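Working notes, structure below.
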C-alpha cells in the first residue's frame, strides 16, 4: 500500500474517532462515523486478495446501513422532541433504533454475522483496528445515551452475544475468527452493564483493548494465522509464546491476571442491582470462552513439534519483539494488584 495513502487513512481514522467522541450534535457524530468507515476500507482491501475485497464490501454495506439507522434514529428523536443533542435521546422508538444501529456497528448479536468474515479477510493489524479502535466511537455513543436505553433489550442482546461468542468460537481453527467471536463475547459483557454503570463499560473496553492488542501484536510477530501455524511458534520464540498464553488466559478472565478485574466488577455491580440471575448466566457463559482460550494457549505452548501439522516449518524470527508489545503484555498480565487505584480513577 502506498505510504501516503496509508498515512491519509490512518489520520482519517483518528479524525473520525475524535469527531464522534467529542461531538454533542447527532449530525457531527454521524459524520465522524462515516469518516471512520471510509478510512478503514482501504486498509481492509489493501492486499487486493478476493477475500480482502469481499471483506471490505461486507464491511461497507453493514456500516452504511448502521449509519443510516443512526441518522434515522436521531431525526425521529428531533422530530418528536426538537432536540439534536446526543444526551437528549428521550423518544422510545428512537432509543430502540439507536440500540439496533450501534449493535450493528459493534457486531452484537443478532447483527454479528459480518464481523468474523471481515476479520478473517483482513490482515492482523487491520483486524486489531477493527476489534478495538473502530468500536470506540459506537461505545461512546452508547455511553452518552445509556440513561435512555431499554434495559430488557440490552440484557437480552448481551446474554445472546456472550452465548454465541462462546459457542461459535469452540470449533474454529482460524485464529482471527476465534478472536472475532471473543470480541462478540466481550461486547456482551460491556452491553449488560452499560445502563447500570456506564463508566465500568468504558473500563472493560479499555482493558479488553489492552489484552486484544497484546494478542494481535504477538500473533503478528510470529505470523500465526491458524492453529496449525500456532503449533510451530514455541520452538522459534518460547518467551513470546509464554506471553501469548498469559495474555489469552487474561482475556479469558482468570485471576490473578488483568482480565479478571472487569468480570469481577461487572458481576459485583449486577448483584448490587439485584440481577443475580443475569450475573449467574453471563458468568457461566464465560466458561465457553475459557475453553477456546485454553485451546489456543494449549496449541501455542504445550503442543510441541513433531506434531500433526503438514506445513513446512518457517525460518527463525530474527526481528526482536517491539517495546510496544512488551509493554502491552506486561500491562495485560499484571494490572490486577493495581485495581484499587484503577477504581479510584473511574
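In mature numbering (1 follows the signal peptide of the UniProt record, and there is no 0), the protein residues as written are -29 to -1, 1 to 317.
Just so you know, even glycine gets a beta-carbon here, dropped at the ideal spot from N, CA and C.
Please read all numbers here as calculations on a predicted model, not as lab measurements.
Beta-carbon separation of residue 270 and residue 202 under 9 angstroms? yes
Please confirm whether residue 225 and residue 303 have their CB atoms less than 9 angstroms apart. no
Exposed or buried, residue 251, counting other C-beta atoms within 10 Å across all chains shown (16 or more means buried)? exposed
For residue 102, is the classification buried or exposed, using 16 other Cβ atoms within 10 angstroms of its Cβ as the cut-off for buried? buried
Could you pull the DSSP bridge partners for residue 197 from this structure? 145
Quick one: any contact between the stretch 187 to 205 and the stretch 157 to 165, if contact means 3 or more CB pairs under 8 angstroms? no
Tell me whether residue 278 is buried or exposed, calling it buried when 16 or more other Cβ atoms sit within 10 Å of its Cβ. Caution applies to residue 278, whose pLDDT of 49 falls short of 50 and renders its modelled position unreliable; the value that the coordinates give is listed next. Classification for residue 278: exposed.
Under the rule that 16 or more other beta-carbon atoms within 10 Å means buried, what is residue 147, buried or exposed? buried
Measure the alpha-carbon distance for residue 267 versus residue 66 and round it to whole angstroms. 39 angstroms
Report all residues from its chain with a CB closer than 7 angstroms to the CB of residue 238; omit the five preceding and five following residues, and keep chain order. 250, 254
Pick out whichever of 89, 45, 53, 86 has its Cα sitting closest to the Cα of residue 70. 45
Go ahead and label residue 62 buried or exposed: buried means 16 or more other beta carbons lie within 10 angstroms of its beta carbon, across all protein chains shown. buried
Take every Cβ of the stretch 6 to 17, pair it with every Cβ of the stretch 85 to 99, and state whether three or more of those distances are shorter than 8 angstroms. yes
Going along the chain, which residues of its own chain have a beta-carbon closer than 8 angstroms to the beta-carbon of residue 132, five neighbours each way excluded? 79, 80, 83, 155, 156, 158, 159, 162
With 16 other Cβ atoms within 10 Å as the buried cut-off, status of residue -25: exposed
Under three-state DSSP, which class holds residue 83? coil
Does residue -5 come out as helix, strand or coil in the three-state DSSP assignment? strand
Going by the CB atoms, is the gap between residue -1 and residue 11 shorter than 9 angstroms? no
Tell me which same chain residues have a C-beta within less than 7 angstroms of the C-beta of residue 144, skipping the five on either side of it? 197, 198
Could you please give the first and the last residue of the uninterrupted alpha helix (DSSP H) stretch that includes residue 304? 294 to 305
Distance, Cα to Cα, residue 59 vs residue 116? 8 angstroms
Per DSSP, what kind of secondary structure is residue -18 in: helix, strand or coil? helix
Can you give me the start and stop residues for the alpha helix (DSSP H) that residue 240 sits inside? 231 to 243
Residue of -22, 56, 21, 222 minimising C-alpha distance to residue -3: 56
Same chain only: Cβ atoms within 7 angstroms of residue 139, ignoring 5 sequence neighbours per side: 152
Have a look at 53, 22, 220 and flag the residue whose alpha-carbon is nearest the alpha-carbon of residue 87. 22
Contact under 9 angstroms by Cβ, residue 236 with residue 306: no
Quick check on the burial criterion: 16 or more other C-beta atoms within 10 angstroms. Buried or exposed for residue 150? buried
Got a sec? Which residues, its chain only, sit under 7 angstroms from residue 64 by beta carbon, not counting five neighbours each side? 47
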